[in-house]
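To keep things clear, I will list the structure first and then write my remarks on it.
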Amino acid sequence: MMISNSVVLPLLLPFIAAILAAFFPKRMAFNRIFSLITYVVTLLICLFLAQQVFANGALVLETGDWQAPYGIILVADPLASVLIIITQLVALATVLNARQTLHSYEEKAYFYFFFNLLIVGVTGSFLTGDLFNLFVFFEVLLMASYGLIVLGGRKAQFREAVKYILINLFSSILFVMTVSFVYGITGTVNMAHIAQRVPELADNGAITGAAILLFIVFATKSALFPLYVWLPKSYIAPPTAISIVFGALLTKVGVYAILRVFTILFPGLSDFTSVLFLVIAGVTMVFGVLGALSTNNVKLIIAYNIIPSIGFMMMGIGIGTATSYAGTVYYLINDMALKAALFLLIGVLVTLAGTTNLKQMGGYIRQAPWAGWLFFIACITLAGLPPFSGFIGKYLLLQAAFDNGHYLLGAVALLTSLLILFSVLRIFIYGFWGESDDSPPSDSKNAAARFRSIVPAGILLLFTLFLGLGAEFVLPYIDVVSHSLLNPENYITPVLKE
95 MMISNSVVLP LLLPFIAAIL AAFFPKRMAF NRIFSLITYV VTLLICLFLA QQVFANGALV
155 LETGDWQAPY GIILVADPLA SVLIIITQLV ALATVLNARQ TLHSYEEKAY FYFFFNLLIV
215 GVTGSFLTGD LFNLFVFFEV LLMASYGLIV LGGRKAQFRE AVKYILINLF SSILFVMTVS
275 FVYGITGTVN MAHIAQRVPE LADNGAITGA AILLFIVFAT KSALFPLYVW LPKSYIAPPT
335 AISIVFGALL TKVGVYAILR VFTILFPGLS DFTSVLFLVI AGVTMVFGVL GALSTNNVKL
395 IIAYNIIPSI GFMMMGIGIG TATSYAGTVY YLINDMALKA ALFLLIGVLV TLAGTTNLKQ
455 MGGYIRQAPW AGWLFFIACI TLAGLPPFSG FIGKYLLLQA AFDNGHYLLG AVALLTSLLI
515 LFSVLRIFIY GFWGESDDSP PSDSKNAAAR FRSIVPAGIL LLFTLFLGLG AEFVLPYIDV
575 VSHSLLNPEN YITPVLKE
């Protein structure tokens with residue numbers, strides 16, 4: 095019982111940090127230190143929870159001692175326990191970077207309040223056991239992101255914020271309407287209980303309609319084709335510290351929701367649904383990487399590369415086998431850390447150059463060699479070259495695709511990987527390595543500050559190196575997650591105590 099109660103701590107501690115930051119927004123030193131301690135402690139708690147989950151099965155917390163399906167529940171199963179670990183790691187890296195890159199007026203403008211609240215929303219989305227509270231936590235993270243996207247008050251931020259808020263307002267309205275629709279059909283919002291009720295219902299048309307509506311909501315959140323157009327410029331408008339957490343976490347919550355809903359509520363994809371998912375996955379890959387190739391804005395290149403990554407994950411969900419789910423989860427956890435590192439490192443480059451235009455850059459590896467070489471490692475990891483972690487996830491996904499006869503999609507995925515490599519290596523070759531007419535001289539004046547700003551990227555890339563070089567250790571845990579997705583009773587039974 096005591097261990098189950100600890101499931102709330104990854105939510106409670108950041109919430110306390112958010113409340114304190116709301117009351118003391120000007121106390122920057124206090125907020126920095128308290129947030130840092132919060133995410134160190136929360137990361138350790140999440141590691142402990144994961145150890146318990148993988149050893150003993152899912153942990154279920156029934157708030158107010160109301161049993162499911164009537165009460166609010168939190169569920170730490172293998173998938174959720176892995177994702178909340180990466181969430182806290184990204185949060186820790188963001189707090190470390192914010193101290194170095196945010197202006198004091200930005201920190202004082204309730205940055206720590208909005209940031210900690212966003213982490214509450216992301217973590218809660220991973221842990222909640224019912225659809226309505228998934229909507230609630232989505233709204234928590236979205237409201238926090240609305241505050242963060244305009245932090246700093248630049249004109250470009252407000253312009254992109256309008257698009258970002260409007261598209262998410264539409265998806266939120268559709269989400270709450272769909273939750274009401276599902277409740278009207280099944281008489282419950284508890285995901286485990288819905289999973290039991292769906293096979294009992296004769297009105298398959300209503301169930302199909304609910305599934306379609308939920309997919310539209312989550313496709314918008316995760317930026318699948320054709321609902322991705324809002325993402326690139328929205329994610330690069332705010333300061334680097336905010337782009338880090340946006341790029342690493344927000345779309346991944348949408349991917350998680352698709353993975354969760356279509357393995358528990360609607361398990362066993364029909365042939366049509368599987369083909370639909372795979373087509374969307376392939377088109378998302380292509381359009382995302384073409385966007386990255388079409389711009390010389392280095393921040394936009396990284397932002398566009400979020401989109402094909404979502405396509406790769408959707409490919410694994412669409413195939414729907416143990417191998418494809420393993421590839422999706424491996425790719426997902428790697429991409430969360432990797433995108434955070436890439437946004438952080440690109441922020442260093444933009445700060446040095448004073449521009450986001452790649453054509454006006456060159457030679458910055460002399461001023462920031464650590465940033466340059468870490469960026470190179472991140473590039474080849476993103477492209478999926480062995481022995482780095484990106485290779486493991488893509489290998490599993492490609493194996494699943496070819497084993498199940500999806501040769502065209504496998505070829506698209508391979509081509510996309512090559513184009514991803516080309517798109518990001520342009521930044522390394524021309525931005526860090528190349529020369530320009532006004533190539534900067536070697537400078538040691540701010541070397542220490544730059545080094546401190548890239549330490550969080552080093553931590554994140556060390557984690558991705560561990561995922562790649564330590565695959566033999568990691569894969570058994572990923573297999574547990576994969577098989578739990580294939581066997582929804584592993585989630586349903588502990589929740590409903592059957």
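Each residue of the sequence shown is one higher than the one before, counting from 95 in our numbering.
Cβ coordinates follow ideal geometry from the N, Cα and C atoms, glycine included.
Taking DSSP's pairing of strands, which residues face residue i in a bridge?
i, result
"V234", "According to DSSP, V234 bridges with nothing at all."
"D224", "N284"
"N451", "N391"
If you follow the alpha helix (DSSP H) that residue i is in, where does it begin and where does it stop?
i, result
"V423", "A416 to A447"
"K315", "N298 to S316"
"F516", "Y501 to R520"
"G405", "I400 to I413"
"S578", "A565 to L580"
"Q493", "S483 to D497"
"G525", "Where G525 is concerned, there is no enclosing alpha helix (DSSP H), given that its DSSP letter is neither H nor E."
"W324", "No alpha helix (DSSP H) holds W324; DSSP gives it neither H nor E."
"A351", "T345 to I358"
"A342", "It is not in any alpha helix (DSSP H) - A342 carries neither H nor E in the DSSP assignment."
"L105", "L103 to F117"
"V589", "E583 to L590"
"L196", "Unbroken run through L196: none, as it is neither H nor E."
"L476", "P463 to A477"
Should residue i and residue j be called a contact, given that it needs their Cβ atoms to be closer than 7 angstroms?
i, j, result
"N648", "D224", "One cannot answer for residue 648 here, as it falls past the ends of the chain, which runs 95 to 592."
"L211", "A185", "no"
"A152", "V176", "no"
"A313", "F207", "no"
"A255", "P550", "no"
"V101", "P588", "no"
"A203", "L590", "no"
"S578", "N584", "yes"
"P104", "T222", "no"
"L359", "A289", "yes"
"G376", "V506", "yes"
"N390", "K453", "yes"
"N125", "A115", "yes"
"L436", "I396", "yes"
"V392", "I521", "yes"
"I374", "L318", "yes"
"G341", "I400", "yes"
"F220", "I180", "no"
"C473", "L519", "yes"
"Y424", "I523", "no"
Is any heavy atom in the ligand GDP found nearer than 6 angstroms to the beta carbon of residue i?
i, result
"V270", "Although the ligand GDP was asked about, the structure shown includes no ligands whatsoever."
Of all Cβ atoms in chain C, is any one closer than 7 angstroms to the Cβ of residue i?
i, result
"L105", "Going by chain labels, chain C is absent from the structure shown, which holds only one protein chain."
**Request:** Flag this pair as touching only if the stretch 328 to 338 and the stretch 290 to 308 have three or more C-beta atom pairs under 8 angstroms; answer yes or no.
**Result:** no
**Request:** Taking 8 angstroms as the threshold, find out whether the stretch 130 to 143 comes into contact with the stretch 95 to 110 through three or more Cβ pairs.
**Result:** yes
**Sufficient close CB pairs (3 or more, under 8 angstroms) joining the stretch 458 to 469 to the stretch 436 to 449** = yes
**Prompt:** Are the stretch 187 to 194 and the stretch 152 to 168 touching, with three or more C-beta to C-beta distances below 8 angstroms?
**Reply:** no
**Item:** Runs of beta strand (DSSP E) wholly within the stretch 139 to 174 (minimum 3 residues, chain order)
**Value:** 153 to 156 and 167 to 170
**Asked** Do the stretch 551 to 564 and the stretch 470 to 484 touch if we need at least three Cβ pairs shorter than 8 angstroms?
**Response** yes
**Message:** Below 8 angstroms, how does it come out for the stretch 547 to 555 and the stretch 408 to 422: are there three or more Cβ pairs, yes or no?
**Reply:** no
**Asked** Within the chosen definition, does the stretch 368 to 388 reach the stretch 456 to 464 through at least 3 CB pairs nearer than 8 angstroms?
**Response** no
**Item:** Three-pair Cβ contact test at 8 angstroms for the stretch 357 to 374 versus the stretch 412 to 427
**Value:** yes
**Request:** Decide if the stretch 429 to 438 is in contact with the stretch 491 to 501; the criterion is three or more beta carbon pairs, one per stretch, under 8 angstroms apart.
**Result:** no
**Message:** Would the stretch 472 to 479 count as touching the stretch 510 to 520 if we require 3 or more Cβ pairs under 8 angstroms?
**Reply:** yes
**Asked** Are three or more beta carbon pairs between the stretch 309 to 323 and the stretch 266 to 275 nearer than 8 angstroms?
**Response** yes
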